[in-house]
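K.L.:
Okay, here's the structure, questions in a sec.
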Amino acid sequence: MTEALEMDTAFAPQWVSPPGDTILDLLEERGWTQQQLADRLGFSPKHVNQLINGKVPLSEDAAIRLQNVLGARAGFWLTREAQYRERVALQDAAQRHATMVPWLERFPIKELMDQGVLVKRRLSAKTKPDLVGELLAFFGVASSEQWERHYGQMEVAFRRSREDQADVAAISAWLRIGEREAEKVDGPRYDELRLRQALEKIRALTHQPPQEFVPELQHLLREAGVAFVLVPALPRAHVSGVARWLSPHRPLIQLSSYGKTNDKFWFSFFHEAAHILLHSQQKNAVFLDDPDHTGRSSDKEGEANAWARDWLIPPQHARAMEELPRTRAAVQAFAKQVGVHPGIVVGRMQHDRLLDISWLNDLKVRVLFAQADRT
Numbered sequence: 001m002t003e004a005l006e007m008d009t010a011f012a013p014q015w016v017s018p019p020g021d022t023i024l025d026l027l028e029e030r031g032w033t034q035q036q037l038a039d040r041l042g043f044s045p046k047h048v049n050q051l052i053n054g055k056v057p058l059s060e061d062a063a064i065r066l067q068n069v070l071g072a073r074a075g076f077w078l079t080r081e082a083q084y085r086e087r088v089a090l091q092d093a094a095q096r097h098a099t100m101v102p103w104l105e106r107f108p109i110k111e112l113m114d115q116g117v118l119v120k121r122r123l124s125a126k127t128k129p130d131l132v133g134e135l136l137a138f139f140g141v142a143s144s145e146q147w148e149r150h151y152g153q154m155e156v157a158f159r160r161s162r163e164d165q166a167d168v169a170a171i172s173a174w175l176r177i178g179e180r181e182a183e184k185v186d187g188p189r190y191d192e193l194r195l196r197q198a199l200e201k202i203r204a205l206t207h208q209p210p211q212e213f214v215p216e217l218q219h220l221l222r223e224a225g226v227a228f229v230l231v232p233a234l235p236r237a238h239v240s241g242v243a244r245w246l247s248p249h250r251p252l253i254q255l256s257s258y259g260k261t262n263d264k265f266w267f268s269f270f271h272e273a274a275h276i277l278l279h280s281q282q283k284n285a286v287f288l289d290d291p292d293h294t295g296r297s298s299d300k301e302g303e304a305n306a307w308a309r310d311w312l313i314p315p316q317h318a319r320a321m322e323e324l325p326r327t328r329a330a331v332q333a334f335a336k337q338v339g340v341h342p343g344i345v346v347g348r349m350q351h352d353r354l355l356d357i358s359w360l361n362d363l364k365v366r367v368l369f370a371q372a373d374r375t
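The sequence shown: position 13 = 13 (this note's numbering), numbered continuously.
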């Protein structure tokens, strides 16, 4: 037993056992009573009994006394106490998490597992409390009540482009993934002039495939103090893009590539950039966007739409586009003149009803991102 006590660095019990169990083993070895131990320690018999039963914490003073009386180092007793209290706390937390299991039903759990946010497991009564703990850690809150206070009430800051963007749990999960990705990347404070200069260069990236434009896009935005992340879509969120401020000096543009062709991707990007440029006075707002479903738009959404539209194809060129022959060659030549990808011109012409929705779609390019492109 004494030799085992010396191996305190390897002691890592997986059960809830107070240091008093070890004390009782040593008393049995020596043939001592609790009264005899109390006399040697200078504690009352009641205090020794409470110490053995884990009713009172084992203090530094008690650890020194036990070292002198029972022969194990003080560090062993303090480690033993810390491990016991940790196990008790974990058991208590598991019981609390069990009461929060209904909270899980609000979230797209399977999709969060697929994205690696949560560990994949079979859902059961036994595993759900652990899943609650993982979800709390993901959101960085201590309980479902704290989630409600921070993320649940974030809804008041939502500026929606769709009336069905009402699933706060799904939206908050998608937003939180973006927050965590943005936290991995440092950058300078936001600089509006640098952002405008960056957007000039970014417009020219529309000709490139994602594996080439994503690193450059992230670099240019980072230099302007803007975080940019790509996060796969989550069901029920109905959000493909968001512009928000993580702090007074750190804006975030977050996009999903789900179902996007390059015309929609670039319009979404410049739409979110417009929110950062035009609506920076509303730093508490969270602009939730889905350009695939226009629906009822606010004035701010209308302003962002107009800015993105004119940035991609300036008004002077848009007027010439109205007279453009509806041929592949004419569209490609016009796109080259304007300096954007032909798919963007096709998308704009279809939106303005200058071109049938089924024509020239092969000039658009499906935008697909590797998982590594998320940060």
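Note that beta-carbon positions come from the ideal geometry of N, C-alpha and C, so glycine has one too.
The structure displayed is predicted, hence computed values, not measured ones.
With G225 and R189 assumed to form a contact (beta carbons below 8 angstroms), what rounded beta-carbon distance in angstroms separates them?
P.N.:
With 8 angstroms as the limit, G225 and R189 qualify as a contact, their Cβ atoms being about 5 angstroms apart.
K.L.:
With a cut-off of 8 angstroms, do at least 3 Cβ pairs link the segment 168-179 to the segment 106-120?
P.N.:
Verdict: yes, contact present.
K.L.:
Provide the residue span of the alpha helix (DSSP H) that contains G71, from first to last.
P.N.:
No alpha helix (DSSP H) contains G71, which DSSP labels as neither H nor E.
K.L.:
Measure the alpha-carbon distance for F139 versus Q35 and round it to whole angstroms.
P.N.:
Distance between the alpha carbons of F139 and Q35 is about 50 angstroms.
K.L.:
Give a yes or no on contact between the segment 296-315 and the segment 260-275, applying the rule of three or more CB pairs nearer than 8 angstroms.
P.N.:
Judged by Cβ distances under 8 angstroms, the segment 296-315 makes contact with the segment 260-275, as three or more pairs qualify.
K.L.:
At which residues does the alpha helix (DSSP H) containing Q35 begin and terminate?
P.N.:
Q35 -> alpha helix (DSSP H) spans 34-41.
K.L.:
When you compare each of Q316, K336, R244, K364 to N284 by their alpha carbons, which one comes out closest?
P.N.:
For N284, the nearest C-alpha among the options comes from R244.
K.L.:
Given that a residue counts as buried once 16 or more other Cβ atoms are within 10 Å of its Cβ, and exposed if not, what is P102?
P.N.:
With fewer than 16 Cβ atoms within 10 Å of its Cβ, P102 is classed as exposed.
K.L.:
Look up Q282 in the DSSP assignment and say whether it is helix, strand or coil.
P.N.:
It is coil, neither helix nor strand.
K.L.:
Apart from the five residues on each side of it in sequence, which residues of its chain come closer than 8 angstroms, Cβ to Cβ, to L104?
P.N.:
K128, L131, V132, L135.
K.L.:
Can you give the Cα-Cα distance for D164 and G54, rounded to whole angstroms?
P.N.:
Annotation note: pLDDT 48 at D164 (below 50); position unreliable, coordinate value reported separately. Going by the C-alpha atoms only, they are around 53 angstroms apart.
K.L.:
Give me the Cβ distance between I23 and I52, rounded to the nearest whole Å; I'm assuming they're in contact under 8 angstroms.
P.N.:
Yes, I23 and I52 are in contact; Cβ-Cβ is about 5 angstroms, under 8 angstroms.
K.L.:
Can you find the residues in the same chain that come closer than 8 angstroms, C-beta to C-beta, to V365, ignoring five residues on each side of it along the sequence?
P.N.:
Closer than 8 angstroms at the Cβ level, and outside the excluded window around V365, lie P209, T261, N262, H341, G343.
K.L.:
Do the segment 191-207 and the segment 219-234 touch if we need at least three Cβ pairs shorter than 8 angstroms?
P.N.:
With the cut-off at 8 angstroms, the segment 191-207 and the segment 219-234 touch.
K.L.:
Just confirm the distance between the C-beta atoms of E303 and A274, as a whole number of angstroms; I'd bet it's less than 8 angstroms.
P.N.:
Their Cβ separation, rounded to whole angstroms, is 7 angstroms, which keeps E303 and A274 in contact under 8 angstroms.
K.L.:
Measuring only the C-alpha atoms, how far is H150 from R121?
P.N.:
In a straight line, the C-alpha of H150 is about 27 angstroms away from that of R121.
K.L.:
Mind listing, in chain order, the continuous beta strand (DSSP E) runs of no fewer than 3 residues lying wholly within the segment 164-245?
P.N.:
Complete beta strand (DSSP E) runs here, min 3: 227-230.
K.L.:
Just mark D167 as buried or exposed, buried being the case when its beta carbon has 16 or more other beta carbons within 10 Å.
P.N.:
When all chains shown are included, D167 counts as buried.
K.L.:
Put L136 into one of helix, strand or coil per three-state DSSP.
P.N.:
If DSSP states are grouped into helix, strand and coil, L136 belongs with the helices.
K.L.:
Taking the straight line between their C-alpha atoms, what separation do you get for A142 and A93?
P.N.:
Between A142 and A93, the C-alpha separation is close to 10 angstroms.
K.L.:
How long is the line joining the alpha carbons of G152 and A137, rounded to whole angstroms?
P.N.:
Rounded to the nearest angstrom, the two C-alpha atoms are 16 angstroms apart.
K.L.:
Less than 8 angstroms between the C-beta atoms of E322 and L363, yes or no?
P.N.:
No, they are not a contact pair.
K.L.:
Please name the residue or residues paired with I344 in a DSSP beta bridge.
P.N.:
The partner list for I344 (beta bridge, DSSP) is empty, contrary to what the question assumes.
K.L.:
Suppose contacts are defined by Cβ-Cβ distances below 8 angstroms. Is D289 in contact with S240 by that definition?
P.N.:
Closer than 8 angstroms, so yes.
K.L.:
Which residues mark the beginning and the end of the alpha helix (DSSP H) in which Q50 is found?
P.N.:
Here the alpha helix (DSSP H) through Q50 covers 45-52.
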